[in-house]
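Beneath this line is the structure, given in structure tokens, with notes to follow.
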Amino acid sequence: MVEREKKYLVRELPNLDGLIGVAIKQGYFSIEKQGPAVASPLRIRQEDEDYSLVKKFTIEPGNFGLSREATISLSAHEFESLWPAARFRLAKTRYRLPLQAGLVAELDIFSDQLFGFVQVEVEFASAQEEHEFVPPDWFGADITVFKWAHNAFYVTVSYDELKKLMEADGLAIPWILDTNCQLLYTQN
């Protein structure tokens, strides 16, 4: 399956009333860093009661929003058996918010080593749909183009290291949240 997505920082937290966040935990078996990027990661994921093993492949070098994924569904037992081998891990809570034209914003609030970091991503069915997309006002900077803006890289850094990478690219994390979506800090 081809995955076409864009990732953004979050300028302002949208209204989450009535939405239920889904806990996600992901583990990576090996991380092959190529500078500040990660090559074709193999990951295991639990999203609520869904378990999977996913291998991502780059389609176009330098296009971090376009990849091919091979996914195998796992049972809970298979996931639990494989989880200890996943040396690089992250946890986040995901909220799905409807957008225009049937699109969905996936708002991720990270925990563990990236506690409080927030990003949003949108997946597209076609290049045209991606090109025509106008982000809502609550979206911040488009970070898709940055080599560090991917979960397989996030598992290799702390919040402070990620913040330094962002600042080196002229970006700032505007604020951080706790896992209950409470504002902890703002840079205003």
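Per the numbering used here: the sequence shown ends with 209, consecutive numbering throughout.
Where a beta carbon is used, it is the ideal one built from N, C-alpha and C, also for glycine.
Quick caveat, the model's predicted, so the values are computed rather than measured.
The three-state reading of DSSP puts alanine 170 in coil, since its state is none of H, G, I, E or B.
Beta-bridge analysis with DSSP links threonine 79 to Ser88. In this chain, the alpha helix (DSSP H) harbouring glutamate 188 covers 180–189.
Residue pairing for leucine 74: DSSP places it in a beta bridge opposite Ile65, Ile93. Beta-bridge partners of arginine 115 (DSSP): Val43, Asp129. Separation of leucine 186 and lysine 77 (C-alpha to C-alpha, rounded to the nearest whole angstrom) is 23 Å.
Closest in alpha carbon position to glutamate 90, among Val139, Pro62, Ala112, is Pro62. The straight-line gap separating the alpha-carbon atoms of valine 43 and lysine 168 is approximately 26 Å. Shortest Cα-Cα distance from valine 23 to any of Arg66, Ile164, Ser51, Thr79 involves Thr79. The stretch 132–151 and the stretch 28–39 touch, with no fewer than 3 CB-CB distances between them shorter than 8 Å. Nearest C-alpha to serine 132 among Ala148, Phe145, Leu120, Arg110: Arg110. Alanine 148: member of the alpha helix (DSSP H) spanning 148–153, first to last residue. In the DSSP assignment, glutamine 140 falls within the unbroken beta strand (DSSP E) covering 139–145. Taking a 10 Å sphere around the C-beta of glycine 39, we find fewer than 16 other C-beta atoms and assign the residue as exposed.
Each residue's CA atom was taken as its position, placing alanine 170 and phenylalanine 154 some 20 Å apart. Apart from sequence neighbours up to five positions away, the residues of its chain that approach leucine 120 with a beta-carbon distance below 6 Å are Ala126, ordered along the chain.
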